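Asks: Residue numbers (my numbering): 4 to 806.
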Amino acid sequence: MKNILILFCFLIPALSSGQNSEISGSVIDHNNLPVIYANVVLYSLIDSSIVKVEYSNETGNYSIKGISSGSYFIGTSYVGYPDAVSPGFDISDSDLITLDPIRFEPSSNELEEVTVTAKKPLLEMKPDKMILNVEGSINNSGSDAYTLLRQSPGVMIDNNDNIFMLGKSGLQIFIDGRPTQLNGSDLADFLKTIPSSEIESIEIITNPSSKYEAEGNAGIINIKLLRDKNLGANGSLNTTYSIGQKSRYNTTLRGTYKSKAWNTYGTVTGYKGADINPFNLYREQQGLSFDQASIGNDSWNGFNSRAGVDYILNEKSTFGFLANLSKSQGHHVQNTESDIFKTGSSLIDSTLVAMSDNESDRSNWNINGNYKYSDKQNRSLNIDVDYGKYSRTREAFQPNTYFGAGGMILSTKDFFTYTPTDIEIATAKLDFEQDFLNGRLQFGAKVANVITDNVFDFYNVYDENRELDTERSNDFRYSELVYASYANYSMKINDLSLQAGLRIEHTNSEGHLTALIPSENELVERSYTDLFPSFGLTYQLNEKNRFQLNYSRRLNRPSYQDMNPFRSRLDELTFEQGNPFLNPEYSSTLQVSHSWNYKLTTSFSYSHTRDLITRVTDTTELKSAFITWLNLADQYTYSISVSAPLPITEWWNSYTSITGVRTLNKADFGEGKFIDLSANTFSAYSQHSFSIPGGYMAELSGWYNSPSLWGGTFMMNEMWSVDFGVQKKFLDDRLTVKASVSDVFKSTGWSGTSDFGALYLNVDGQNDSRRFKLNLAYRFGNQQVKARKRNTGLEEESKRIKQ
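#1: Let me check one thing: in DSSP terms, what residues is P568 bridge-paired to?
#2: Would DSSP call H611 helix, strand or coil?
#3: Got a sec? Which residues, its chain only, sit under 6 Å from Y149 by beta carbon, not counting five neighbours each side?
#4: Just how far apart, CA to CA, sit N720 and T684?
#5: Give the secondary structure of S213 by DSSP, where H, G and I count as helix, E and B as strand, and everything else as coil.
#6: What residues in its chain sit with their C-beta under 6 Å from that of E340, if we drop five residues either side in the sequence?
#7: Over what stretch of residues does the beta strand (DSSP E) that includes I67 continue unbroken?
#8: Out of I70, I507, K732, which has the shortest C-alpha to C-alpha gap to I496?
#9: So what does DSSP say about Y563, is it helix, strand or coil?
#10: If the criterion is Cβ atoms closer than 8 Å, does the pair K375 and T321 meet it?
#11: Does the separation of the CB atoms of S59 and V88 fall below 8 Å?
#12: From Y260 to N371, what does the alpha carbon distance come to, in whole angstroms?
#13: Between which two residues does the beta strand (DSSP E) containing S320 stretch?
#14: If you follow the beta strand (DSSP E) that F406 is in, where does it begin and where does it stop?
#15: I need the boundaries of the beta strand (DSSP E) containing T517, first residue and last residue.
#16: Out of R618, G504, T592, F775, which one is the CA nearest neighbour of S606?
#17: Round the Cβ separation of S212 and G504 to the nearest angstrom and send it over; I've been treating them as touching at under 8 Å.
#18: Going by the CB atoms, is the gap between N381 and Q437 shorter than 8 Å?
#19: Could you name the residues of the same chain whose beta carbon sits closer than 8 Å to that of L712, not counting the 5 residues immediately before and after it, in chain order?
#20: With 16 other CB atoms within 10 Å as the buried threshold, where does P650 fall?
#21: So is Q564 buried or exposed if we call it buried at 16+ other beta carbons inside 10 Å?
#22: Hey, how far is the Cα of E546 from the Cα of T604?
#23: Could you please give me the residues that DSSP links to S262 through a beta bridge?
#24: If you measure between the beta carbons of R506 and A217, is that distance less than 8 Å?
#25: Assess, as a yes-or-no matter, whether the stretch 426-436 is touched by the stretch 449-468 under the definition of 3 or more beta carbon pairs within less than 8 Å.
#26: Counting only runs that start and end within the stretch 733-763, where is the alpha helix (DSSP H) found for 4 or more residues in a row?
#27: When the Cα atoms are used, what is the spatial distance from S724 to A701?
#28: For F193, does the three-state DSSP call read helix, strand or coil?
#29: Within 10 Å of its beta-carbon, does G705 have 16 or more other beta-carbons around it, so buried, or fewer, so exposed?
#30: Using the three-state DSSP reduction, which class does E201 fall into: helix, strand or coil?
#31: Mind the definition here: the stretch 285-295 touches the stretch 261-277 only if three or more C-beta pairs lie below 8 Å; say whether that holds.
#32: T118 by DSSP, collapsed to three states: which one?
#33: Just checking my contact of S689 with T659 at CB under 8 Å: how many whole Å lie between their CB atoms?
#34: On the DSSP bridge assignment, give the partners of W368 in chain order.
#35: Helix, strand or coil: which one does DSSP assign to T150?
#36: Could you check the C-alpha separation between I678 and T756 for me, to the nearest Å?
Dropping the structure here:
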């Protein structure tokens, strides 16, 4: 860290000859309450031309930086109020000016009591991220975090619940700035427990700076949960019922109370639901064909809760404590029938009838202590200490019966597995910021310690009696210790903004397999250090055109379970085996973007990933296939995206985003097993909002994904969906009623093929996606003061857990 700061001290003076003037202020209403998301425009006093455009933040404050010397005035606008302006003022190089609050007054023909609600656009394009505003969306009500991600522009989820962004895997999912520590089906199960009524927005960050953890080749998605922003006592009750082939419901109660020195808040959500998933698989290997038809029935129930308290010591210092607890139970039953025959023949040799009856219990809790300091010198310090534990227990009974011609039983094999998993995570991090040499300096450090214990007990079942199979049972223990530090500097020279940063991470890891019968590769140890630079340039050509260039290097570590070398049985014909020799994958990304008139955004990105971690299905025995994880040699990704709000009339507004991706995967594993695949993918998202007489609002949205390359070997077919909903408010806008239909045409089924080595696969599946949803939300209490929002330090580690 010391060497990094010395390097910055030498580099920065050479760049610090520009102006760093700043104008700050606030926007208030006629009751002296802050106005959030108001338009704040800096005008030239000479010709009233637009110089800069900003928005007031969640406390009503705004800041405009990098202003050249001259004469200006501020103009503000907000739905429901006449425009307001500030007096004119002069500014010189390096001046820091704080203006008096700009006050909105109701127009003379309005009622004395004015209630104004500003609706943020569904999608916002920022220089460093895209924001999907969930709160207030009609079609997003009654949904969950998993479904919202599936509908997000540029995001795809495959049939194994792996999440891709712009064709790249290795995406990191944060909840309120904290990594989930989960992936695969575990992450999917967890995201399905977060109702959309609990989500404020989803931030999609494709090219994070060095301040963020280096984990996540495809970038970071941060799901921001709702927190009541008003002081005093207030809360809300939100309930949703949806019906498709199966029914689901959830209810959320949220409350906040803030006094002068204390701020307490809490949320609890209960949910229950079911799903049905038909699945078909055709497989060819070593002269045999397998035609499998199956149907899965899932049911689940549980609760999520979080509670916190902030103590405001003084205007500079705040202490906070936050706790999260979630528990759930799930039941999955998969019934499968597989016809086995010689490839090219229509004569069935045998039929396998199998069932997988799985029961699971999951609990996840974590606690966070936080200290935040900020002063009038624009310095800030944030310290987080976290501890969390994730536990999951699964029991699965798998009876298998082979039938011959005429229905004669050939053989029966029954199995039972018991697979508990425990993961403990402890982290501590520090972040500091201050003005430095006409710019802004950020630096910090983090340490994270993870210990995971995975038990796999395999039993053969004879006449309902279980017998432990010592050759197939094991205990895999994995520990990982990561030290990280970073420095980031940003500054502005006239119309050019610069940002440069460097992150250093050192990792020590150890995977230890304990088997009842000793096997190879019992201990795998690693120790490595990596550098992760980031760089960004933003050039404001004029008031309507802005160009941006970003570069970053990132990594993606393998999940804890994917490194477990022991073989587990998914069914009689399919096995799964981890790879303890998986290497982290490294990705370098370059992105160029252009924004016109703060509306139309176009971006192009190039990414090269080395040692891509991918899920591969391969052959092992005559009738069996196994799933494992390998490092590909290279993946190359090119993407271009265009997005813009398109106001059509006063009562019809729309937003459209279009993305094109070209992906190339290359690898050669020897023995005729090589990968050389490419795909051109097109995706689009469009949302339309309509104001209808009588105080109704309607929303029509849809998305489309063209055929694409997922993972290392699967070529997937197109997917698309259309949603429609209507909203009406009652009781002085305290009660909101929303009704919607998701996947109107039931078009989100997935299908695809894979041809790797001596194995050919053709698969298709469907889920219970066409649903009618009814959502009721009621707000109560007063609506006055703002609550503090904060993140914690556990975000990065928890997302690598598989549920």
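Think of the CB as a built atom: it goes at the ideal place given N, C-alpha and C, for glycine as much as any other residue.
Computed from a predicted model, the values in this text were never measured in an experiment.
Replies: So, to answer that:
#1: Against the sequence shown, residue 568 aligns to sequence position 565. DSSP links P568 through a beta bridge to no other residue.
#2: Looking up residue 611 in the sequence shown gives position 608. In the structure shown, H611 falls within a strand segment according to DSSP collapsed to helix, strand and coil.
#3: Taking the first residue of the sequence shown as position 1, residue 149 is located at position 146. The residues are A191, L194, K195.
#4: Counted from its first residue, the sequence shown places residue 720 at position 717. Counted from its first residue, the sequence shown places residue 684 at position 681. When rounded, the separation of the alpha-carbon atoms in N720 and T684 is 10 Å.
#5: The residue labelled residue 213 in the question sits at position 210 within the sequence shown. Assigned with DSSP and collapsed to three states, S213 falls in coil, not helix or strand.
#6: As a first step, residue 340 is located in the sequence shown; it is residue number 337 there, counting from the start. Excluding the 5 residues flanking it on each side, E340 has same chain C-beta neighbours closer than 6 Å at A296, V356, in chain order.
#7: Start at 1 with the first residue of the sequence shown, and residue 67 comes out as number 64. Looking at the DSSP string, the run of the beta strand (DSSP E) that includes I67 is 64-68.
#8: Against the sequence shown, residue 496 aligns to sequence position 493. It is I70 whose Cα lies nearest to the Cα of I496.
#9: Position 560 of the sequence shown holds residue 563. When DSSP states are grouped into helix, strand and coil, Y563 belongs to the coil group.
#10: Numbered from its first residue, the sequence shown carries residue 375 at position 372. Numbered from its first residue, the sequence shown carries residue 321 at position 318. For the pair K375 and T321, the CB atoms are nearer than the 8 Å cut-off.
#11: Taking the first residue of the sequence shown as position 1, residue 59 is located at position 56. Taking the first residue of the sequence shown as position 1, residue 88 is located at position 85. Their beta carbons are not under 8 Å apart, which means S59 does not touch V88 by this criterion.
#12: In the sequence shown, the residue the question calls residue 260 occupies position 257. In the sequence shown, the residue the question calls residue 371 occupies position 368. Going by the C-alpha atoms only, they are around 20 Å apart.
#13: Position 317 of the sequence shown, counted from the start, is the residue given in the question as residue 320. For S320, the enclosing beta strand (DSSP E) covers residues 320-345.
#14: Along the sequence shown, read from residue 1 onward, the residue named residue 406 stands at position 403. For F406, the uninterrupted beta strand (DSSP E) segment begins and ends at 383-406.
#15: Translated into the one-based positions of the sequence shown, residue 517 becomes position 514. Counting along the chain, the beta strand (DSSP E) containing T517 begins and ends at 499-518.
#16: Indexing the sequence shown from 1 puts residue 606 at position 603. Among R618, G504, T592, F775, the Cα nearest to that of S606 belongs to T592.
#17: Here residue 212 refers to the residue found at position 209 of the sequence shown. Here residue 504 refers to the residue found at position 501 of the sequence shown. That belief holds up - the Cβ atoms of S212 and G504 are roughly 5 Å apart, short of 8 Å.
#18: Locating residue 437 in the sequence shown gives position 434, where the first residue counts as 1. Locating residue 381 in the sequence shown gives position 378, where the first residue counts as 1. Going by C-beta atoms, Q437 is nearer than 8 Å to N381.
#19: For the purposes of this step, residue 712 is taken as residue 709 along the sequence shown, with counting starting at 1. Cβ neighbours of L712 beyond the five flanking positions: G170, T666, N668, L680, S681, A682, T684, M718, M719.
#20: Position 647 of the sequence shown holds residue 650. By the neighbour-count rule (16 or more Cβ atoms within 10 Å), P650 is not buried but exposed.
#21: In the sequence shown, the residue the question calls residue 564 occupies position 561. With at least 16 other beta carbons inside 10 angstroms of its own, Q564 counts as buried.
#22: For this step, residue 546 is matched to residue 543 along the sequence shown. For this step, residue 604 is matched to residue 601 along the sequence shown. If I take the Cα positions, the gap works out to 15 Å.
#23: For the purposes of this step, residue 262 is taken as residue 259 along the sequence shown, with counting starting at 1. Beta-bridge pairing by DSSP links S262 to no other residue.
#24: The residue given as residue 506 occupies position 503 in the sequence shown. The residue given as residue 217 occupies position 214 in the sequence shown. It is a contact, given that the beta carbons lie within the stated cut-off.
#25: Enough Cβ pairs lie closer than 8 Å, so yes.
#26: Qualifying alpha helix (DSSP H) stretches: none in this window.
#27: Taking the first residue of the sequence shown as 1, we reach residue 724 at position 721. Taking the first residue of the sequence shown as 1, we reach residue 701 at position 698. Taking the straight line from one Cα to the other gives about 17 Å.
#28: Taking the first residue of the sequence shown as position 1, residue 193 is located at position 190. Reduced to three states, the DSSP call for F193 is helix.
#29: Against the sequence shown, residue 705 aligns to sequence position 702. G705 should be labelled buried.
#30: On the sequence shown, residue 201 is found 198 positions in, with the first residue counted as 1. In the three-state DSSP reduction, E201 falls in the helix class (H, G or I).
#31: The stretch 285-295, when compared against the stretch 261-277, does not touch it at the 8 Å Cβ threshold.
#32: Along the sequence shown, one-based indexing puts residue 118 at 115. Only weak support is given to the placement of T118: the predicted model assigns it a pLDDT of 39, under 50, and the value that follows is read from those uncertain coordinates. Three-state DSSP puts T118 in coil, outside helix and strand.
#33: Here residue 689 corresponds to residue number 686 of the sequence shown, with the count starting at 1. Here residue 659 corresponds to residue number 656 of the sequence shown, with the count starting at 1. Between T659 and S689 the Cβ distance is about 4 Å, and since that is below 8 Å, they are a contact.
#34: Against the sequence shown, residue 368 aligns to sequence position 365. According to DSSP, W368 bridges with L328, K392.
#35: Sequence index remark: in the sequence shown, residue 150 carries index 147 (1-based). For T150, the three-state secondary structure derived from DSSP is helix.
#36: Residue 678 sits at position 675 when you count from the first residue of the sequence shown. Residue 756 sits at position 753 when you count from the first residue of the sequence shown. About 14 Å.
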